[in-house]
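Numbering (our numbering), first residue to last: 1 to 433.
In structure tokens form, the structure reads like this:
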């Protein structure tokens with residue numbers, strides 16, 4: 001409990017935007033279903049500090065695969081706690097950093113060849129070779145094309161795409177009813193809004209009643225109580241654009257997820273959400289009587305080129321580690337070359353129950369292990385080049401990261417909030433990455 005308390009204190013001090021969990025979320029054997037009380041006991045009732053009531057971006061660990069994996073991926077858990085966001089592999093694209101979350105467990109041979117007494121939930125993974133091949137291609141492609149063109153493959157994933165309908169307020173009762181009926185018929189998994197969410201002039205702020213009048217109180221059908229993935233339209237930029245991006249709205253309605261640009265990666269489809277408004281010249285050169293909220297966009301050329309992006313990959317398993325599990329050979333041979341070829345800055349993982357910072361003279365990547373969340377393995381350390389092993393702590397703790405366009409500061413803490421190690425990585429303003 002001391003660690004959770006200190007996480008809250010550090011979170012408040014740093015004014016964090018979100019939390020990352022690197023897997024093994026429910027030790028030892030995941031959840032047994034969406035009704036497993038362990039979700040409340042090990043997550044909701046534990047991380048209660050106000051500063052931790054932000055989105056938790058979560059990947060699966062090998063222990064999670066020993067239970068009902070689909071339970072952790074289910075939108076039902078988001079209904080129980082709006083903080084919870086768990087997918088197999090996905091990307092969060094912020095203003096100055098991209099976080100690539102990778103499902104690493106299926107890479108590890110021993111879970112398939114020598115499972116011992118453990119039973120793993122591989123239902124959505126098999127055939128494994130096909131799953132891994134597609135995943136590596138997706139990671140490579142996403143890292144290469146972070147400026148992102150749309151790529152939507154339609155098959156068995158049912159979604160809604162809704163937007164530029166000149167406005168949610170103007171949608172008729174019959175249309176709303178029909179959306180609910182069709183949603184039930186198709187058993188949709190999520191809804192997409194393609195912008196112009198609040199016509200004509202966006203929101204005035206996070207307390208604008210239009211949010212309820214045009215969203216929460218409009219889409220009330222049970223089948224529409226799913227995740228809504230939302231991009232901004234040009235009319236949204238006429239108001240307070242940052243209000244729609246604010247986590248405050250998620251607290252008001254857990255369905256709301258609005259970011260400038262991001263990627264949702266499902267089993268058979270990648271959906272790339274792109275903030276297109278800043279590309280259109282006339283909004284800048286001939287705005288007429290309109291005033292646009294370009295905060296976070298200016299200078300425009302820098303925003304569009306995205307040349308200063310940090311690339312951060314998050315997975316459960318180690319690539320480099322001096323801890324109990326050591327290096328994961330499958331990831332070293334398959335995933336690491338992809339990350340290195342695409343100028344990834346950080347690889348952040350769990351799995352080993354320790355805190356680590358490793359640099360590799362053969363790689364530009366900083367390897368960070370934050371696996372001391374629940375229990376630690378004391379004294380379990382392998383020999384390592386001390387010039388590369390910047391930190392090894394075999395106790396409980398956590399880490400934080402603060403990122404600007406030119407510097408990423410990261411710190412490791414023990415359960416009392418004492419700083420164990422801190423370091424910085426700098427990015428050249430004129431980088432061509």
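Beta carbons are placed, not taken as given, at the ideal position from N, Cα and C, and that holds for glycine.
As the structure is a computational prediction, the values presented were derived from the model and not from experiment.
Under the assumption that residue i contacts residue j (Cβ atoms under 8 Å), give the Cβ distance between them as a whole number of angstroms.
{"i": "residue 59", "j": "residue 101", "result": "5 Å"}
{"i": "residue 394", "j": "residue 381", "result": "7 Å"}
{"i": "residue 369", "j": "residue 389", "result": "About 11 Å separates the two Cβ atoms, so there is no contact after all."}
{"i": "residue 263", "j": "residue 91", "result": "4 Å"}
{"i": "residue 365", "j": "residue 339", "result": "6 Å"}
{"i": "residue 293", "j": "residue 240", "result": "6 Å"}
{"i": "residue 281", "j": "residue 323", "result": "The pair is not a contact, with the Cβ atoms about 53 Å apart (cut-off 8 Å)."}
{"i": "residue 226", "j": "residue 188", "result": "6 Å"}
{"i": "residue 413", "j": "residue 399", "result": "7 Å"}
Using the DSSP secondary-structure output, state which residues sit across from residue i in a beta bridge.
{"i": "residue 51", "result": "Beta-bridge pairing links residue 51 to no other residue."}
{"i": "residue 348", "result": "314, 368"}
{"i": "residue 397", "result": "414"}
{"i": "residue 227", "result": "190"}
{"i": "residue 257", "result": "229"}
{"i": "residue 98", "result": "93, 311"}
{"i": "residue 422", "result": "411"}
{"i": "residue 355", "result": "370, 393"}
{"i": "residue 402", "result": "409"}
{"i": "residue 29", "result": "DSSP, once it has assigned bridges, lists no residue as partnering residue 29."}
{"i": "residue 84", "result": "56"}
{"i": "residue 244", "result": "Answer is none; residue 244 lacks a bridge partner."}
Once you ignore the five residues that flank residue i on each side, which residues in its own chain have a CB closer than 8 Å to its CB?
{"i": "residue 65", "result": "30, 105, 111, 120, 121, 122"}
{"i": "residue 5", "result": "49"}
{"i": "residue 334", "result": "107, 132, 136"}
{"i": "residue 342", "result": "140, 143, 144, 311"}
{"i": "residue 128", "result": "106, 112, 122"}
Would you call residue i buried or exposed, if buried means 16 or more other Cβ atoms sit within 10 Å of its Cβ?
{"i": "residue 419", "result": "exposed"}
{"i": "residue 160", "result": "Caution applies to residue 160, whose pLDDT of 38 falls short of 50 and renders its modelled position unreliable; the model cannot decide the point."}
{"i": "residue 24", "result": "buried"}
{"i": "residue 278", "result": "buried"}
{"i": "residue 290", "result": "exposed"}
{"i": "residue 230", "result": "buried"}
{"i": "residue 255", "result": "buried"}
{"i": "residue 344", "result": "buried"}
{"i": "residue 181", "result": "exposed"}
{"i": "residue 378", "result": "exposed"}
{"i": "residue 284", "result": "exposed"}
{"i": "residue 207", "result": "exposed"}
{"i": "residue 416", "result": "exposed"}
{"i": "residue 249", "result": "buried"}
{"i": "residue 350", "result": "buried"}
{"i": "residue 392", "result": "buried"}
{"i": "residue 35", "result": "exposed"}
{"i": "residue 62", "result": "buried"}
{"i": "residue 116", "result": "exposed"}
{"i": "residue 396", "result": "buried"}
{"i": "residue 220", "result": "exposed"}
{"i": "residue 150", "result": "Reliability of the predicted coordinates at residue 150 is poor, the pLDDT of 25 falling under 50, and the value obtained from them is presented with this limitation in mind. It is exposed - the Cβ of residue 150 has fewer than 16 other Cβ atoms within 10 Å."}
{"i": "residue 93", "result": "buried"}
{"i": "residue 22", "result": "buried"}
{"i": "residue 261", "result": "buried"}
{"i": "residue 11", "result": "buried"}
Near residue i, what residues of its chain come up, given a Cβ to Cβ distance below 6 Å and the 5 sequence neighbours on each side ignored?
{"i": "residue 26", "result": "38, 42"}
{"i": "residue 253", "result": "216"}
{"i": "residue 347", "result": "313, 319, 365, 367"}
{"i": "residue 71", "result": "31, 33, 34"}
{"i": "residue 7", "result": "398"}
Skipping 5 residues on each side, what residues in its chain have a beta carbon closer than 7 Å to that of residue i?
{"i": "residue 131", "result": "106, 125"}
{"i": "residue 423", "result": "357, 390, 410"}
{"i": "residue 403", "result": "96, 97, 310"}
{"i": "residue 327", "result": "318, 319, 320, 321"}
{"i": "residue 224", "result": "179, 180, 183, 191"}
{"i": "residue 32", "result": "67, 68"}
{"i": "residue 426", "result": "406, 407"}
{"i": "residue 210", "result": "198, 203"}
If you pair each beta-carbon of the segment 199 to 216 with each one of the segment 229 to 243, do three or more pairs fall below 8 Å?
yes
So does the segment 10 to 18 actually touch the segment 50 to 57, counting three or more Cβ pairs closer than 8 Å?
yes
I want to know whether the segment 237 to 246 touches the segment 214 to 228 - three or more CB-CB distances under 8 Å.
Look at the beta carbons and you see the segment 237 to 246 not touching the segment 214 to 228: under three pairs across the two are nearer than 8 Å.
At a cut of 8 Å, does the segment 310 to 318 reach the segment 72 to 81 through at least three beta carbon pairs?
no
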